[in-house]
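Colleague: Residue numbers (the working numbering), protein chains in the order written: chain H, 1 to 436; chain G, 437 to 660.
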Ligand SMILES: [Zn+2]
Ligand SMILES: [Zn+2]
């Protein structure tokens, strides 16, 4: 095995490598076993025959048992500084984007932990480019990570085009082997395989599941970063924890409250519709919803209809057909035809898609309205609601569109989402943002 | 509160989800309602020989090609759910997932008629890396006899990575443990394996079991 494979990593190996040192993968602390990769406690029920404990928490990175050893070689900082910028991107930032990009770069140079709070459709990836170019030029080792594999997959080819440094991509089930490179693109989960490796970490969609709710992944980010390193969080919807860190000045913050086309975000309009779920079993939907969808169909406006649960998809479709509306196409996370269905609405072959939260981020459609059924359901977090609303009006030719949220009752999450959009639009207006 | 052993979601004994599936038996207290619903047992019409789910009750093409009268029973179709299960349990080595299938195996074994239960063994090498036999992991208190051993040198690649042709041509990997004949003579033996794919493995095992003096050999697999 190439020695560099172990630089700043923490790998279970069958055989001890020529150099590097190993530690037991599981350690006993006060009679309980603790995994040294993910730092989780091993339950007393999780053992192999002969009472050999193993860790179930990080199983999909390769099973660790009390007999496994983890090997590492401390990160040697072997990347050369570059005389020229590695950025090879033909695009141009708008004046507002440029101001944000310069702020991000300044904080990066100062080694500050920071947050870029950019609205959906602001072009936050490219805003990170100048800072990243500077970091790579210094010979820094950098990781661009996201809790979502689809974000990584979408990002990797863009970074490969924009930066002339060697890059490696890491995610569950990847096709190419890992290489020691100045730039690593990986899921945050994969960071559990690193230790004090990166001078700078970018965490894209930091509020997305599962990172936002997982102490394991938060720890992974912390441990993969060098003690001297820093990180940049990217998000459109920071959770309260991040906002608190901003208030306490633990995180420097750069706001980008305007989309790249300069229009404000569509507000979330809430409509109370009584107990729609009860009627759905008939199968019926409240008249207000049907009237709106009928109007969309008659005027040939595309829409995304979000429902809380996979189990709601087909009753909603039936209720629409029952009302003589086009039932549209349904799609959910485990749907085997997910890719082709999403492509169909992108290509404007279908006019409506009924879906769960999988499409809440990352996926861009040219001109759609968003209808959220049961926005008060517990599965819809504030971030999810803002992200769903963010599907609307992303294209410069179609900056308008509606976001209607049908609820049985108002909830905190819905109110916070409305407030977040209002606050961002207030900041956006100060920068000259216009109503579509 | 308990968590589902498979998906880790809390197992709710409450109203909403449980009520929707009340008609279904609850074979596994370790599973949440969602995971239980994902596990859909094989149902008729099936091939009368291998248990494969199909559109008729005729002997399927594969069984016809074997030209014997082998009888296999299976519990689940080897679909995406079962593949995901086997991936985590067998290939990632999540031994705790044995709990998912134990109730199903108990139920299925209770319906089988046999004298001696013989699980398909794993190689010594697999024991070293995986640390368990995935088949015996599903057994709770059912007595079984480990009368077969498997030769690693003859099982160079995992079954799942071979083509059908290669699998059919694979040499006999099994041999009998010393003293096996005492246990097998004149007995009806039930072989137990994880997945029936071509039936090659089970037939190799049966050849040896018959050499040990068994009067009948049939098989039960988790999946077909
Ligand atoms: Zn672990
Ligand atoms: Zn479950």
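Beta carbons: idealized from backbone N, C-alpha and C, even for Gly.
Quick caveat: nothing in here was measured; it's all calculated off a predicted structure.
Could you tell me if the beta carbon of residue 640 of chain G falls within a distance shorter than 8 Å of some heavy atom in ligand 1?
Modeller: For the purposes of this step, residue 640 of chain G is taken as the residue at position 204 of the second chain. Result no, Cβ not under 8 Å from ligand 1.
Colleague: Kindly provide the chain-ordered list of residues whose Cβ lies closer than 5 Å to any non-hydrogen atom of ligand 1.
Modeller: Residues with a Cβ closer than 5 Å to any heavy atom of ligand 1, in chain order: H/35, H/37, H/38, H/55, H/57 and H/58.
Colleague: What does residue 279 of chain H touch in chain G if you count any residue whose Cβ is under 8 Å from its own?
Modeller: As a working note, residue 279 of chain H is residue 279 in the first chain. Near residue 279 of chain H there are no residues of chain G at all, since even the closest Cβ is about 17 Å away, more than 8 Å.
Colleague: In the DSSP assignment, find the unbroken alpha helix (DSSP H) run with residue 640 of chain G in it and report its ends.
Modeller: Here residue 640 of chain G refers to the residue found at position 204 of the second chain. 636 to 647 is the span of the alpha helix (DSSP H), which, as asked, contains residue 640 of chain G.
Colleague: Give a yes or no on whether the minimum CB-CB distance between residue 335 of chain H and chain G is below 9 Å.
Modeller: For the purposes of this step, residue 335 of chain H is taken as residue 335 along the first chain, with counting starting at 1. Not one chain G Cβ lies under 9 Å of residue 335 of chain H.
Colleague: Which complete alpha helix (DSSP H) runs does the stretch 125 to 205 of chain H hold, if anything under 4 residues is left out?
Modeller: Correct list: 129 to 137 and 149 to 162.
Colleague: Looking at the C-beta of residue 538 of chain G, does it have a partner C-beta in chain H at a distance below 9 Å?
Modeller: For the purposes of this step, residue 538 of chain G is taken as residue 102 along the second chain, with counting starting at 1. No - not a single Cβ of chain H is within 9 Å of the one on residue 538 of chain G.
Colleague: Give me the Cα-Cα distance between residue 322 of chain H and residue 420 of chain H, rounded to the nearest whole angstrom.
Modeller: As a position in the first chain, residue 322 of chain H is number 322, starting the count at 1. As a position in the first chain, residue 420 of chain H is number 420, starting the count at 1. Going by the C-alpha atoms only, they are around 37 Å apart.
Colleague: Counting contacts by CB-CB distance shorter than 9 Å, is residue 60 of chain H in contact with chain G?
Modeller: In the first chain, the residue the question calls residue 60 of chain H occupies position 60. Chain G contact via Cβ: present.
Colleague: Using Cβ-Cβ distances below 9 Å, what residues of the stretch 64 to 85 of chain H are close to chain G?
Modeller: Residues 65 and 67.
Colleague: I believe residue 619 of chain G touches residue 655 of chain G by the beta-carbon criterion, under 8 Å. Please report the beta-carbon distance rounded to the nearest angstrom.
Modeller: In the second chain, residue 619 of chain G corresponds to position 183, counting from 1. In the second chain, residue 655 of chain G corresponds to position 219, counting from 1. With a Cβ gap of about 17 Å, residue 619 of chain G and residue 655 of chain G do not count as contacting.
Colleague: Roughly how far, in whole angstroms, is the beta-carbon of residue 70 of chain H from the beta-carbon of residue 34 of chain H, given that I think they are within contact range, below 8 Å?
Modeller: Within the first chain, the letter at position 70 stands for residue 70 of chain H. Within the first chain, the letter at position 34 stands for residue 34 of chain H. Residue 70 of chain H to residue 34 of chain H, Cβ: 13 Å. No contact.
Colleague: Run through DSSP, which three-state label would residue 571 of chain G get?
Modeller: Translated into positions along the second chain, residue 571 of chain G becomes position 135. If DSSP states are grouped into helix, strand and coil, residue 571 of chain G belongs with coil.
Colleague: What span of residues does the beta strand (DSSP E) with residue 369 of chain H cover, start to end?
Modeller: As a working note, residue 369 of chain H is residue 369 in the first chain. Note, residue 369 of chain H: beta strand (DSSP E), 369 to 373.
Colleague: Does the beta-carbon distance from residue 252 of chain H to residue 107 of chain H come in below 9 Å?
Modeller: Here residue 252 of chain H corresponds to residue number 252 of the first chain, with the count starting at 1. Here residue 107 of chain H corresponds to residue number 107 of the first chain, with the count starting at 1. Cβ distance < 9 Å, so residue 252 of chain H and residue 107 of chain H count as in contact.
Colleague: By the criterion of Cβ-Cβ separation under 9 Å, what are the contact partners of residue 48 of chain H in chain G?
Modeller: Taking the first chain and counting its residues from 1, the one referred to as residue 48 of chain H is at position 48. Per Cβ cutoff of 9 Å: 529, 531, 566, 567 and 568.
Colleague: In chain G, which residues lie less than 8 Å from residue 56 of chain H when you measure between Cβ atoms?
Modeller: Locating residue 56 of chain H in the first chain gives position 56, where the first residue counts as 1. The answer, in chain order, is 530 and 532.
Colleague: Please tell me whether residue 524 of chain G has its Cβ less than 9 Å away from any Cβ of chain H.
Modeller: Counting from 1 along the second chain, the entry for residue 524 of chain G is found at position 88. Taking Cβ atoms only, chain H reaches closer than 9 Å to residue 524 of chain G, which makes this a yes.
Colleague: Report yes if the C-beta distance between residue 190 of chain H and residue 61 of chain H is below 9 Å; otherwise report no.
Modeller: What you label residue 190 of chain H is simply residue 190 of the first chain in a count that begins at 1. What you label residue 61 of chain H is simply residue 61 of the first chain in a count that begins at 1. Yes, the Cβ-Cβ distance between residue 190 of chain H and residue 61 of chain H is below 9 Å.
Colleague: Taking Cβ positions, are residue 630 of chain G and residue 658 of chain G nearer each other than 9 Å?
Modeller: Counting from 1 along the second chain, the entry for residue 630 of chain G is found at position 194. Counting from 1 along the second chain, the entry for residue 658 of chain G is found at position 222. Cβ atoms of residue 630 of chain G and residue 658 of chain G: closer than 9 Å.
Colleague: On a CA-only basis, which of H/366, H/51, H/406 and H/384 is nearest residue 396 of chain H? Give me that one, please.
Modeller: Taking the first residue of the first chain as position 1, residue 396 of chain H is located at position 396. It is H/366.
Colleague: Counting only runs of 3+ residues fully inside the stretch 35 to 86 of chain H, write out the beta strand (DSSP E) ranges in chain order.
Modeller: Complete beta strand (DSSP E) runs here, min 3: 69 to 72.
Colleague: Taking one C-beta from the stretch 197 to 216 of chain H and one from the stretch 84 to 94 of chain H each time, how about it: are there three or more such pairs within less than 8 Å?
Modeller: These segments do not touch.
Colleague: Going along chain G, which residues have a C-beta under 8 Å from residue 45 of chain H?
Modeller: Within the first chain, residue 45 of chain H is the residue found at index 45, counting from 1. Within chain G, the residues near residue 45 of chain H are 532.
Colleague: Have a look at residue 640 of chain G and residue 550 of chain G and give me their C-alpha separation to the nearest angstrom.
Modeller: Looking up residue 640 of chain G in the second chain gives position 204. Looking up residue 550 of chain G in the second chain gives position 114. If I take the Cα positions, the gap works out to 19 Å.
Colleague: I'd like the list of long-range same chain contacts for residue 55 of chain H, defined as Cβ closer than 6 Å, with 5 residues on each side in sequence excluded.
Modeller: Reading the first chain from its first residue, position 55 is the one you call residue 55 of chain H. Within the same chain, residue 55 of chain H has close Cβ partners 35, 42 and 64.
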